[in-house]
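Protein sequence lines, in the order shown, are assigned to chains Y and U.
Heads up: the first sequence is residues 1 to 114, going by the working numbering.
Heads up: the second sequence is residues 1001 to 1115, going by the working numbering.
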Amino acid sequence: QQQVKQSPQSLIVQKGGISIINCAYENTAFDYFPWYQQFPGKGPALLIAIRPDVSEKKEGRFTISFNKSAKQFSLHIMDSQPGDSATYFCAAFAYGGSQGNLIFGKGTKLSVKP
Amino acid sequence: EAGVAQSPRYKIIEKRQSVAFWCNPISGHATLYWYQQILGQGPKLLIQFQNNGVVDDSQLPKDRFSAERLKGVDSTLKIQPAKLEDSAVYLCASSPAGGSGYGYTFGSGTRLTVV
């Protein structure tokens, strides 16, 4: 079944701390794993993404760690800032029908306390 | 580059009424998606267009939802009649091509409340 499971549902971190959000998937046909950031009243915006042939990708304070054998991937936010407070969604792309589309996790609401 | 435009931003209707949402994708993007985002959940695909043809509508409740993409550009999503459980944010997204997960850009969505 095409599903992406995300945890935790909510997360509170102190400013300067590390935020970690985890996702797991079942479908081995997934071949692209993006993370989206969503602020209230806005649509999701791409934050960082990884393909399964890479174990880690870093962009600034954001890092994706990918474990293909465990079918798990995670987002690490280093030096978390109050401006990072938002809802984060992991997603996976799978081909289906004639093309394919993104399957999203349920989201993690991150609050960074000053 | 202009983003994905959606209107209206908010809509409140009574159950059994009808409602329509409009989306203008990024210029040149061939693929357009409508997602439903229920409060506290991730977006769920309703329908996917490639140019003006439907490529995936497997999760669209076709007894009440309909969508079209005229001339491969703008798109309209309609609900008739609305139910309480249709209360959600309806997100439109577009991408250059439908064959990968790259380049998805989302609009700000339309928040629908059915009372």
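The C-beta atom is built at its ideal place from N, Cα and C for all residues, glycine as well.
- Contact with chain Y is found for Tyr1104 (chain U), since one of that chain's Cβ atoms lies less than 8 Å from the residue's Cβ.
- The three-state secondary structure of Pro34 (chain Y), taken from DSSP, is strand.
- Within the region 1 to 31 of chain Y, no complete alpha helix (DSSP H) segment of 4 residues or longer occurs.
- For Tyr1090 (chain U), no CB of chain Y lies under 8 Å from its own CB, so it is not counted at the interface with that chain.
- About 16 Å separates the CB atoms of Tyr32 (chain Y) and Gly1042 (chain U); that is not less than 8 Å, and the two are not in contact.
- In this structure Ser1095 (chain U) is in contact with His1029 (chain U), their Cβ atoms being roughly 6 Å apart against a cut-off of 8 Å.
- Taking a contact as a CB-CB distance under 8 Å, the pair Ile18 (chain Y) and Ile77 (chain Y) counts as one, their CB atoms being some 7 Å apart.
- Beta-bridge analysis with DSSP links Gly1053 (chain U) to U:Gln1050.
- Cβ neighbours of Val112 (chain Y) within its own chain (closer than 7 Å, five residues either side excluded): Val13, Lys15, Ser80, Gln81, Pro82, Asp84, Ser85.
- In this structure, the alpha-carbon of Pro1025 (chain U) lies about 7 Å from that of Leu1032 (chain U).
- Scanning chain U for C-beta atoms nearer than 8 Å to the C-beta of Pro44 (chain Y) yields Pro1043, Leu1091, Phe1106, reported in chain order.
- Rounded to whole angstroms, the separation of the alpha carbons of Leu1060 (chain U) and Arg1069 (chain U) is 15 Å.
- Less than 8 Å divides the Cβ of Gly1107 (chain U) from the Cβ of Gly43 (chain Y).
- Assignment of Glu59 (chain Y) by DSSP, reduced to helix, strand and coil, places it in the strand class.
- Taking a Cβ-Cβ threshold of 8 Å, the residues of chain U close to Tyr32 (chain Y) are Ser1100, Gly1101, Tyr1102, in chain order.
- Within the same chain, Ser10, Thr87 come within 6 Å of Lys109 (chain Y) by CB-CB distance, once the 5 residues on both sides are set aside.
- Under the three-state reduction of DSSP, Glu1014 (chain U) is assigned to coil, being neither helix nor strand.
- Listed in chain order, the alpha helix (DSSP H) runs fully inside the region 67 to 91 of chain Y amount to none, counting runs of at least 4 residues.
- One thing to note: Phe62 (chain Y) has its Cβ no nearer than 8 Å to the Cβ of Cys23 (chain Y).
- For the pair of segments examined, the region 1049 to 1059 of chain U was found not to touch the region 1001 to 1011 of chain U: the number of CB pairs separated by less than 8 Å stays below three.
- For Leu1091 (chain U), the secondary structure class from DSSP, reduced to helix, strand or coil, is strand.
- The beta-carbon of Leu102 (chain Y) is placed less than 8 Å from the nearest beta-carbon of chain U.
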